[in-house]
Structures are given as C-alpha cells and as structure tokens.
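Engineer: Under the UniProt record's numbering, the first residue of the sequence shown is numbered 1, with each subsequent residue one higher. By construction, the Cβ of each residue, glycine as well, lies at the ideal position given by its N, Cα and C atoms. All of these numbers come straight from a predicted model, not from anything done at the bench.
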Amino acid sequence: MESGKADGGDGTPEHATPLRRGWTTGTCATAAARAAAEALFGGEFPDPVAVTLPGGQTPAFALAVTERGEGADGPWAAAGVVKDAGDDPDVTHGALVRARVWHGPPGSGVTFRAGPGVGTVTLPGLPLPVGEPAINPVPRTMIAEAVGEAAARAGRPADLVVEVGVENGELLARRTMNGRLGILGGLSILGTTGIVVPYSCAAWIASIQRGIDVARAAGLTHVAACTGDLSEKAVTARYGFAEQALIDMGDFAGGTLKYLRRQPIPRLTLCGGFAKFGKLARGLMDLHSKRNSVDLDWLADRLAELGAGPELAGQARGANTAAQVLGMAEAAGLPLADHVAALAQRAALEMLEGAPVDVEVLITDRQGRIVGNAPFSVPNAPHSPSPR
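(1) Please state whether DSSP places Glu305 in a helix, a strand or coil.
(2) Specify the secondary structure class of Ala173 as computed by DSSP and reduced to three states.
(3) Relative to the C-alpha of Gly148, which residue among Leu128, Glu167, Gly165 and Val110 is closest?
(4) Using a threshold of 8 Å, state whether the C-beta atoms of Arg282 and Ala355 are closer than that.
(5) What is the rounded straight-line gap between the Cα of Thr227 and the Cα of Thr120?
(6) Using the Cα positions of Leu96 and Val49, report the straight-line distance between them to the nearest angstrom.
(7) Sort Tyr239, Ile363, Asp87 and Lys258 by Cα distance to Ala381 and report the nearest one.
(8) In the DSSP assignment, what residue or residues form a beta bridge with Phe252?
(9) Rounded to a whole number of angstroms, what is the C-alpha to C-alpha distance between Leu336 and Val361?
(10) Distance, Cα to Cα, Arg175 vs Val91?
(11) Using the beta-carbon count (16 or more within 10 Å), is Glu70 buried or exposed?
(12) Between which residues of its own chain and Gly307 is the CB-CB distance below 8 Å, once the five residues before and five after are set aside?
(13) From Val161 to Gly55, what does the alpha carbon distance come to, in whole angstroms?
(14) Among Arg369, Val359, Asp365 and Thr364, which one has its Cα closest to the Cα of Pro375?
(15) Return the first residue and the last residue of the alpha helix (DSSP H) that Cys271 is part of.
(16) Hey, Ile189 and Thr52: beta-carbon distance below 8 Å or not?
(17) Do you know offhand how far Ala32's Cα is from Val357's?
(18) Report the option in Thr30, Ala329, Ala253 and Pro124 whose CA atom is closest to the CA atom of Lys83.
(19) Opposite Arg261 in the DSSP bridges: which residues?
(20) Measure the alpha-carbon distance for Ala203 versus Gly254 and round it to whole angstroms.
(21) Could you tell me which residues DSSP puts in a beta bridge with Glu70?
(22) Within the continuous alpha helix (DSSP H) that includes Val214, where are the two ends?
(23) Check each candidate in Ala85, Ala150, Leu181 and Leu312 and name the one with the smallest Cα separation from Gly94.
(24) Leaving aside the five residues before and after Ser386 along the sequence, list all residues of the same chain whose C-beta is less than 6 Å from its C-beta, in chain order.
(25) Since His339 is in the alpha helix (DSSP H), which residue starts that stretch and which ends it?
(26) Give the DSSP-derived three-state secondary structure of Val130 in the structure shown.
(27) Using beta-carbon positions only, say whether Ala322 and Gly368 come within less than 8 Å of one another.
(28) Where do the ends of the beta strand (DSSP E) carrying Thr111 lie?
(29) Would you kindly report the start and end of the unbroken beta strand (DSSP E) that includes Gly372?
(30) Using a threshold of 8 Å, state whether the C-beta atoms of Gly117 and Leu187 are closer than that.
(31) Among the residues of its own chain, which have a CB less than 6 Å from the CB of Cys28, if the five just before and after it don't count?
(32) With respect to the beta strand (DSSP E) encompassing Leu96, which residues constitute its N-terminal and C-terminal limits?
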C-alpha cells in the first residue's frame, strides 16, 4: 500500500488511509490471565473478558480455550485468546495466547513463568533480568493489575503465579529477532499501549533498539546496522561479527540512527544495497521501495560530478534500475558507489547530530560484494571482539 507521507521523521511510514488496529500479545495474555484468575477463585470463566489498557480503553475478548486442573501446586485454571493483529503483518496474528494461573506462596504477590512458546532472557541489556520470562514490563503490569482485580473481587490476596504461553511460539520466534537479542525458547510478550497500530512497524524499531541495548550491555564498541541478509553476510565476512554485533536495520535507517544518537556506540558500520543507500545519501531515512523510490536523475547528476559526459548521464537517466546505473559507472571506471557511500555517511552523521559515533558505510551489489566504501574517520581503531 502506498503511504500518504513518505516518512514520519524517523523512518516510520505514515499512511493516508486508516487500517484496522489490533491487539498486542500483552493484551491477549492479560485477557487470558484475567479469565483464568476469575475461574481459579471459584467463579465462571468470563466470556467475553474485558481488560483495561494503559490508555484507559476497555476492550473485551472472546475465549478460545478454557481449562481447569490440579497440579503439584494445587488447583489451576487456564484460558486462551486468539491474537488479532488487525491489518498489521504480525507473525503472531492468529496465534493462541494462553495463561495458566495458580496460587503462589503467601505474600509472594504476582510472579511470572514462561509457558510453552514464550522465551527466556539470556543476555543483559533488555528491560528484564537474565533468567526471567520474556514478558515485558508493561504487559507484566497489565496482567498483575487484571489478576489483582480478580483477587480483590473474591476477597483474596493476589498471591498468584501466572504462566504465559503461545501456541507454536518457538516456531514463530524463528521469524523474529529474538534469538539475536538472547531471548531463547520462544516469543516475547510485548506491548506498551496494548494496541497494535498497523504498519507503524513499531515492533521492528523496538527490536532495533533492544539490539543496540544488548550490544551496549555486552560492552561492544563496534556494531553493524544492515538492510538485509546479503549485507549482513558481507559485513560478517569483513569483521567476523557474531549475532549480537549485528543490528537488523531493514529499511529503518532513521529509527536506528535516532536511537544511536541517544544511546551511542563508538563505531557503526552501515551496510546495504546500492539502491537503498542511494536514498540514504539523499537524506531519506525510510529506505522502503514503496515509500521512497530510486531517483535516477539524482544518480545521473552524481555521475556527472564524477566526470561522466552527457551521453553516459543521459543513459543513466533512462535506466530501468539503480543496479543498471551502477553497472554503467563501473564500466566507465567511475567510483559512483564510493561517492554515494560518502554522501550516505554524511547524511547519517547529520542525523546523529554530533553523537560520539564514528560511521563507516559499505555498499553491496546484488551478489553481496562490497562495491562502495566510506571509511571511518579513524580507520585503524580497534573494534571490540564479537561475543561467541
């Protein structure tokens, strides 16, 4: 879908037509936990079950699963809600989010467990300690408040254990950046508002931010932000980086640089394809093809700056793709990729606004070869070893 505005300022697209919003995994887990807690305290499973979001909204959810049982810790109740992500291309859309609730020791309050399909934090830098279930702080607060209300209605203390799971979550997690962030065994339970805004791509940008946090916590002084698999392979071959030094930037150059402006890492390698970095070189921070197109006239003008004659510049203006222009430049012996890399480096540094981040730009072709380079200002400074 075409966007109404090309760029929301930090590389986040804005759409002209409203799309249907959905619910986060945190909201679904809260609804399931609320229903399970009501049943545990001797009531019926409320269906639909209403929850209160951080913004005060009170949506209600149908229950897909209800269960009761007896375990080593006494009776338990469980419920499940099917996640509806609205029109957002969310990997967890349609997933069954479950919560199982049982009584904890007196005075323990609400504690959390990772059920099947929910991961565990294994690296520092995330907003949860190592060893904790990957249930983020806002969903934890929402769940604790919801089951606390159920306990208050029953006149009982809210000393409860809440186990959250996602059906097929471990498989779904392979399509996310969780492994790179050190979240192993399944998905994260996410959400800050409880609502999924379609195509806001907030989840991707949040993953970029958590990746930077993890790299900083690991003490890394050099990371690479890449636009895709080819560029990741190219920069890994160059530096021998392991996963925690790689930031899956995708099309969100602006979101990445904006966060690094606040949370700097001394050395940043930006690596991506010629067409995408041709947009960055023009100062565009959203690199998606549907939101910002390749400007062949701009590339032709850059060729002219490098000494191309009118005939070659004219051929570039009539080219079909940026790759075709790059091929013309290479055949003529003109360092167009280096020139574009230097301009992209300048745009990145302007976005960083003086933050202590030294930037290198590497441009790859469609085969993953590095064809353009704008080096660090301190070329031979040592980089931190990648965690293994």
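Structural biologist: On the basis of the supplied data:
(1) On the sequence shown, residue 305 is found 305 positions in, with the first residue counted as 1. Glu305 falls in the helix class under three-state DSSP.
(2) Locating residue 173 in the sequence shown gives position 173, where the first residue counts as 1. Ala173: helix per DSSP, three-state reduction.
(3) The residue you call residue 148 lines up with position 148 of the sequence shown. Ranked by Cα distance from Gly148, the first of Leu128, Glu167, Gly165 and Val110 is Val110.
(4) The residue you call residue 282 lines up with position 282 of the sequence shown. The residue you call residue 355 lines up with position 355 of the sequence shown. Their beta carbons are not under 8 Å apart, which means Arg282 does not touch Ala355 by this criterion.
(5) Along the sequence shown, one-based indexing puts residue 227 at 227. Along the sequence shown, one-based indexing puts residue 120 at 120. If I take the Cα positions, the gap works out to 27 Å.
(6) Your numbering for residue 96 matches position 96 in the sequence shown. Your numbering for residue 49 matches position 49 in the sequence shown. Taking the straight line joining both Cα atoms gives about 15 Å.
(7) Reading the sequence shown from its first residue, position 381 is the one you call residue 381. Nearest option by C-alpha distance: Tyr239.
(8) Sequence index remark: in the sequence shown, residue 252 carries index 252 (1-based). Asp286, per the DSSP bridge assignment.
(9) Residue 336 sits at position 336 when you count from the first residue of the sequence shown. Residue 361 sits at position 361 when you count from the first residue of the sequence shown. In a straight line, the C-alpha of Leu336 is about 14 Å away from that of Val361.
(10) Within the sequence shown, the letter at position 175 stands for residue 175. Within the sequence shown, the letter at position 91 stands for residue 91. So the alpha carbons of these two residues sit roughly 7 Å apart.
(11) Sequence index remark: in the sequence shown, residue 70 carries index 70 (1-based). That one is exposed.
(12) Position 307 of the sequence shown, counted from the start, is the residue given in the question as residue 307. Answer for Gly307: Leu334, listed in chain order.
(13) Taking the first residue of the sequence shown as 1, we reach residue 161 at position 161. Taking the first residue of the sequence shown as 1, we reach residue 55 at position 55. Val161 and Gly55: Cα-Cα distance of roughly 26 Å.
(14) Here residue 375 refers to the residue found at position 375 of the sequence shown. Comparing Cα positions, the closest option is Val359.
(15) Translated into positions along the sequence shown, residue 271 becomes position 271. Run containing Cys271: none in the alpha helix (DSSP H); it sits in the beta strand (DSSP E), Arg267 to Gly273.
(16) The count along the sequence shown starts at 1 and reaches residue 189 at position 189. The count along the sequence shown starts at 1 and reaches residue 52 at position 52. Judged by their CB atoms, Ile189 and Thr52 are not nearer to each other than the 8 Å cut-off.
(17) On the sequence shown, position 32 is the one that residue 32 refers to. On the sequence shown, position 357 is the one that residue 357 refers to. Those two C-alpha atoms are separated by around 44 Å.
(18) Here residue 83 refers to the residue found at position 83 of the sequence shown. The residue with the shortest Cα to Cα distance from Lys83 is Thr30.
(19) As a working note, residue 261 is residue 261 in the sequence shown. For Arg261, which the question treats as bridged, DSSP gives no partner whatsoever.
(20) Position 203 of the sequence shown holds residue 203. Position 254 of the sequence shown holds residue 254. Cα to Cα, Ala203 sits roughly 15 Å from Gly254.
(21) Within the sequence shown, the letter at position 70 stands for residue 70. According to DSSP, Glu70 bridges with Pro75.
(22) The residue you call residue 214 lines up with position 214 of the sequence shown. Val214 -> alpha helix (DSSP H) spans Ala202 to Ala217.
(23) If you number the sequence shown from 1, residue 94 lands on position 94. Nearest option by C-alpha distance: Ala85.
(24) The residue given as residue 386 occupies position 386 in the sequence shown. Confidence at Ser386 is low in this model, with a pLDDT of 48, below 50, so its placement is unreliable and no value can be given for it.
(25) For the purposes of this step, residue 339 is taken as the residue at position 339 of the sequence shown. Looking at the DSSP string, the run of the alpha helix (DSSP H) that includes His339 is Leu336 to Leu352.
(26) As a position in the sequence shown, residue 130 is number 130, starting the count at 1. Residue state, collapsed to three classes: coil.
(27) By one-based count along the sequence shown, residue 322 stands at place 322. By one-based count along the sequence shown, residue 368 stands at place 368. It is not a contact, given that the beta carbons lie outside the stated cut-off.
(28) Taking the sequence shown and counting its residues from 1, the one referred to as residue 111 is at position 111. Taken as a continuous stretch (DSSP letters only), the beta strand (DSSP E) holding Thr111 covers Val110 to Ala114.
(29) Here residue 372 refers to the residue found at position 372 when the sequence shown is read from its first residue. Residues Ile370 to Ala374.
(30) Position 117 of the sequence shown holds residue 117. Position 187 of the sequence shown holds residue 187. At the C-beta level, Gly117 and Leu187 come within 8 Å of one another.
(31) Residue mapping note: residue 28 aligns to position 28 of the sequence shown, counting from 1. Val81, Lys83 and Val97, listed in sequence order.
(32) Mapped onto the sequence shown, residue 96 falls at position 96. Start and end: Leu96 to His103.
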